[in-house]
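Take a look at the structure set out below.
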Amino acid sequence: MAGAAAMAERSPDLYIDRTRVGHLRERDGIWAFEYSPEWLAEPLDRLAGRIGVAAEQVCAEAEAANAQWAGDGRVAAALAGEMRCLRALRATVIAEMASRLAG
Numbered sequence: 001m002a003g004a005a006a007m008a009e010r011s012p013d014l015y016i017d018r019t020r021v022g023h024l025r026e027r028d029g030i031w032a033f034e035y036s037p038e039w040l041a042e043p044l045d046r047l048a049g050r051i052g053v054a055a056e057q058v059c060a061e062a063e064a065a066n067a068q069w070a071g072d073g074r075v076a077a078a079l080a081g082e083m084r085c086l087r088a089l090r091a092t093v094i095a096e097m098a099s100r101l102a103g
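FYI, the numbering for the sequence shown is 1 to 103, going by full-length UniProt numbering.
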């Protein structure tokens with residue numbers, strides 16, 4: 001429509017866990033995204049730090065879920081083995097890969 005005022009531009013900043021990831025822009029129905037320089041600077045370091053935390057959470061959740069079965073001799077040994085396996089994976093494979101990603 002000729003002479004119509006252009007639509008207002010929308011331009012929010014986007015965050016993940018209180019960390020600014022970038023800036024989203026929309027003008028006249030066209031969207032664009034630009035990553036923040038801080039987000040791009042060390043993305044693998046940031047992710048590698050979260051991997052260990054996530055692995056700890058998985059182990060804690062498994063322990064909490066398994067606690068209800070601790071008194072059942074039929075499954076207690078299997079659950080103990082499961083926890084040893086999870087801890088070993090966390091301490092060896094996950095820790096090693098996170099360390100390599102962090103550089």
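Beta carbons: idealized from backbone N, C-alpha and C, even for Gly.
- By the CB criterion at 8 Å, residue 83 and residue 67 fall outside the cutoff.
- Only buried fits residue 98, as 16 or more other CB atoms lie within 10 angstroms of its CB.
- Fewer than three pairs of CB atoms, one per stretch, sit closer than 8 Å, so the segment 68–77 makes no contact with the segment 12–23.
- Each residue's CA atom was taken as its position, placing residue 13 and residue 85 some 41 Å apart.
- In its chain, beyond the 5 residues on either side, 21, 22 have a beta carbon closer than 8 Å to the beta carbon of residue 35.
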